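J.: Counting in my numbering, the sequence shown runs without a single skipped number right up to 190 at its last residue.
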Amino acid sequence: MWGQTLQIGHIGEPEVRTNGNGKTYVRFGINMAKKVGDDPMWLNCILGGRFAEVMKDRLKRGQLVFVEGELSFRKADNGTVYTNLMVDTCRILRDPRSAGAAGDGDEGVEFPF
């Protein structure tokens, strides 16, 4: 696939939506800042199709996720260019509710959420 992109980051609040054709999709941002305290750098992600139906109730704000997909660029009427990652693969790596649990290796790590 051309333009394939891989990212790891913490997700913002996911939004479940339905398009004009009645198909469900999930929009969320991934904060790609390198460390706590850095200004957030958000990548807009869109998860569609059957995968959106499966993941819509599993994705939660603050989770560390791995996503893979193709970048999509859209130019609005006012000239603003929007970049989205059309997600093909999404894996939840860590749930913030489990942060600090015994044996997870994150002792002493601060999460900004």
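We put the beta carbon where it would ideally sit given N, CA and C, even for glycine. Remember, it's a predicted structure, so these values are computed and weren't measured experimentally.
Considering only the alpha carbon of each residue, which of ASP172, LEU162 and ASP115 lies closest to PHE105?
T.: Selected option, being the one with the closest Cα: LEU162.
J.: Going by alpha carbons, who is nearest to GLU92 out of VAL131, ASP115 and LEU136?
T.: Cα-wise, what sits closest to GLU92 is LEU136.
J.: Given this structure, state the Cα-to-Cα distance separating VAL158 from CYS122, to the nearest angstrom.
T.: Taking the straight line from one Cα to the other gives about 15 Å.
J.: With DSSP as the reference, label GLY139 as helix, strand or coil.
T.: GLY139 falls in the coil class under three-state DSSP.
J.: Once the 5 residues before and after ILE169 are set aside, which same chain residues still bring their CB inside 8 Å of it?
T.: Taken in chain order, the residues that qualify are ARG135, LEU136, GLN140, LEU141 and VAL142.
J.: What residues match up with PHE121 in a beta bridge as DSSP calls it?
T.: What sits at residue 121 in the sequence shown is Asn, not Phe. Paired residues: GLY106 and ASN161.
J.: Just the C-alpha distance for THR101 and VAL113, rounded to the nearest angstrom, thanks.
T.: One C-alpha to the other measures close to 33 Å.
J.: Is any non-hydrogen atom of the ligand PLP found closer than 6 Å to the C-beta of GLU92, if you look at the structure I gave you?
T.: Ligands displayed in this structure: none; no statement on the ligand PLP is therefore possible.
J.: Express the C-alpha separation of GLY156 and GLU90 in angstroms, rounding to a whole number.
T.: Computed Cα separation, rounded: 27 Å.
J.: Can you tell me whether GLU130 is helix, strand or coil according to DSSP?
T.: Reduced to three states, the DSSP call for GLU130 is helix.
J.: Assuming the contact rule is C-beta atoms closer than 8 Å, THR82 and LEU148 should be a hit. Round their C-beta distance to whole Å, please.
T.: Indeed, because the Cβ distance is near 5 Å, the residues count as touching under 8 Å.
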